[in-house]
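Following the numbering used here, the numbering of the sequence shown begins with 854 at its first residue and continues without gaps. Structure first, then comments.
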Amino acid sequence: WRSWESRRDIDLYISYATKNPYLLQKILIGTPNIHYHNKIERLFDKKIEKQKLFSLSAHDIDPLQSKRIVEYQNFHQELRSSQYQQKLFSLITRDFYKPCNIGSLFENLYPKEYFNPLSSEKRLLNHVYRLNDNSTNNFFQLKKDKMDFIFLLNKNTELVFQIVNHRDRYSPSLKERIKKIGRKPFSSDELAKNLDCSQRKAQMLIKTMVIENFLFKLNLGNKTKYVMSCYKKEFSLNGNNI
């Protein structure tokens, strides 16, 4: 698991050399990194679309046994009584290769709190144990390896994802939530409050969305703010620029 970056790269080049559609879709859907997607486009010299349905298969397959097929959205809905378990399940399935670090999970589950080495890990582990022990959950395991958690599908299991849009398969699109802000310019701190996330995460989202040309950077005197690109002409006319 420590070589997850190499595993992703190996899958990419195998998919390129053998024209393996499963591996290519696995990388596209299971890699929430826009820069890696750009790398894929450079390698294939074209834009590759994600499938609307994708089945992630377990590593351990017995051809003599029947497969168990689980729909991601259905199980996610079953967890709605616990927002923490629901969000935890979203986080651990976001990247098919990279293990989830304890600190990163805590920051996403408790965006307004600081990590306390004496108590925070125990709080997080309680959610992990509950998710593993969920009565309807007998299709995956969350294994702890030092400071990371590894998501593993059980033998002969397929987890089916329905891709709603290109960024987010388990919650309202971040872009849709940002659109509700409207024309008003906002700082990274204001976006963090609006999305109820850490300022660091808001800064990373802004950086990615500026690269994607979804957000436009404004220089307002000694302050830096952002606005959706569809409104940038209004501010350019007022003398603001990138």
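A virtual CB, placed ideally from N, CA and C, is assigned to each residue, including glycine. If you're wondering where the values come from, they're calculated on a predicted model, not measured in any experiment.
query: How far does the alpha helix (DSSP H) with L896 in it reach, from first residue to last?
result: Here residue 896 refers to the residue found at position 43 of the sequence shown. First-last of the alpha helix (DSSP H) with L896: 887 to 897.
Three or more C-beta pairs below 8 Å linking the stretch 968 to 975 and the stretch 927 to 934: They do not touch, by the three-pair rule.
field: Residue environment, P1025, which counts as buried when at least 16 other CB atoms sit within 10 Å
entry: The residue labelled residue 1025 in the question sits at position 172 within the sequence shown. At P1025 the pLDDT is 49, less than 50, meaning the model places this residue with poor confidence; the figure from the coordinates comes in the next sentence. P1025 is classed as exposed because its beta carbon has fewer than 16 other beta carbons within 10 Å across all chains shown.
message: Assuming I1060 is part of the alpha helix (DSSP H), what are its boundary residues?
response: In the sequence shown, the residue the question calls residue 1060 occupies position 207. Looking at the sequence provided, one finds Lys at residue 1060 rather than Ile. From DSSP, the alpha helix (DSSP H) with K1060 extends over 1052 to 1064.
message: Is the separation between the beta-carbon of K1032 and that of M1062 shorter than 8 Å?
response: The count along the sequence shown starts at 1 and reaches residue 1032 at position 179. The count along the sequence shown starts at 1 and reaches residue 1062 at position 209. No, these two residues do not count as a Cβ contact at 8 Å.
task: Return the Cβ separation of I880 and I893 in integer angstroms, given the expectation that the two are a contact with Cβ distance under 8 Å.
output: For the purposes of this step, residue 880 is identified with residue 27 of the sequence shown, where counting begins at 1. For the purposes of this step, residue 893 is identified with residue 40 of the sequence shown, where counting begins at 1. The distance from the Cβ of I880 to that of I893 is about 7 Å, consistent with a contact at the 8 Å cut-off.
field: N-terminal and C-terminal residue of the beta strand (DSSP E) that L995 is part of
entry: As a position in the sequence shown, residue 995 is number 142, starting the count at 1. For L995, the enclosing beta strand (DSSP E) stretches over residues 993 to 998.
Buried/exposed call for Y982, threshold 16 Cβ in 10 Å: Here the question's residue 982 lines up with position 129 in the sequence shown. Label assigned to Y982: exposed.
- prompt: In terms of residue numbering, what span does the beta strand (DSSP E) encompassing T884 cover?
  reply: Looking up residue 884 in the sequence shown gives position 31. Secondary structure note for T884: it is in no beta strand (DSSP E), with a DSSP letter that is neither H nor E.
Minimum C-alpha distance to S919 - residue among R976, L876, S910: Here residue 919 is taken as the residue at index 66 of the sequence shown, counted from 1. Minimum Cα distance to S919 is reached at S910.
task: Please report the Cβ distance between F1014 and F907, rounded to the nearest whole angstrom; I am assuming they are in contact, meaning their Cβ atoms lie under 8 Å.
output: Walking along the sequence shown from the start, residue 1014 turns up at place 161. Walking along the sequence shown from the start, residue 907 turns up at place 54. Between F1014 and F907 the beta-carbon gap is near 5 Å, inside 8 Å, which marks them as a contact.
query: Does the distance from the C-beta atom of Y1079 to that of L1068 stay below 8 Å?
result: Counted from its first residue, the sequence shown places residue 1079 at position 226. Counted from its first residue, the sequence shown places residue 1068 at position 215. For Y1079 and L1068, yes; Cβs fall inside 8 Å.
query: Is it buried or exposed for S988, if we count other Cβ within 10 angstroms and need 16 for buried?
result: For this step, residue 988 is matched to residue 135 along the sequence shown. Because the pLDDT at S988 is just 47, under 50, the model does not fix this residue reliably, and the value given afterwards should be weighed accordingly. By the 10 Å Cβ count, S988 comes out exposed.
- prompt: Where does A1055 land, buried or exposed, given buried means 16+ other C-beta within 10 angstroms?
  reply: Here residue 1055 refers to the residue found at position 202 of the sequence shown. The residue in question, A1055, is buried, as its Cβ has 16 or more Cβ neighbours within 10 Å.
- request: Please state if the CB of T1077 and the CB of K1086 are separated by a distance shorter than 8 Å.
  value: As a first step, residue 1086 is located in the sequence shown; it is residue number 233 there, counting from the start. As a first step, residue 1077 is located in the sequence shown; it is residue number 224 there, counting from the start. No. Outside cutoff.
message: Whole angstroms are fine: how far does the CA of L1005 sit from the CA of L1012?
response: Here residue 1012 corresponds to residue number 159 of the sequence shown, with the count starting at 1. Here residue 1005 corresponds to residue number 152 of the sequence shown, with the count starting at 1. Annotation: L1012 to L1005 spans about 11 Å, alpha carbon to alpha carbon.
query: Assuming L977 and I945 make a contact with CB atoms under 8 Å, what is their CB distance in whole Å?
result: Numbered from its first residue, the sequence shown carries residue 977 at position 124. Numbered from its first residue, the sequence shown carries residue 945 at position 92. Incorrect: roughly 11 Å between the Cβ atoms, too far for contact.
- prompt: How is the alpha helix (DSSP H) around R861 delimited, first residue to last?
  reply: Position 8 of the sequence shown, counted from the first residue, corresponds to residue 861. For R861, the enclosing alpha helix (DSSP H) covers residues 857 to 871.
Neighbour-count burial assignment, Q939, 16 or more Cβ in a 10 Å radius: Position 86 of the sequence shown, counted from the start, is the residue given in the question as residue 939. Label assigned to Q939: buried.
Close beta carbons around Q904, own chain, < 6 Å, minus the five adjacent residues each side: Along the sequence shown, read from residue 1 onward, the residue named residue 904 stands at position 51. Around Q904: Q878.
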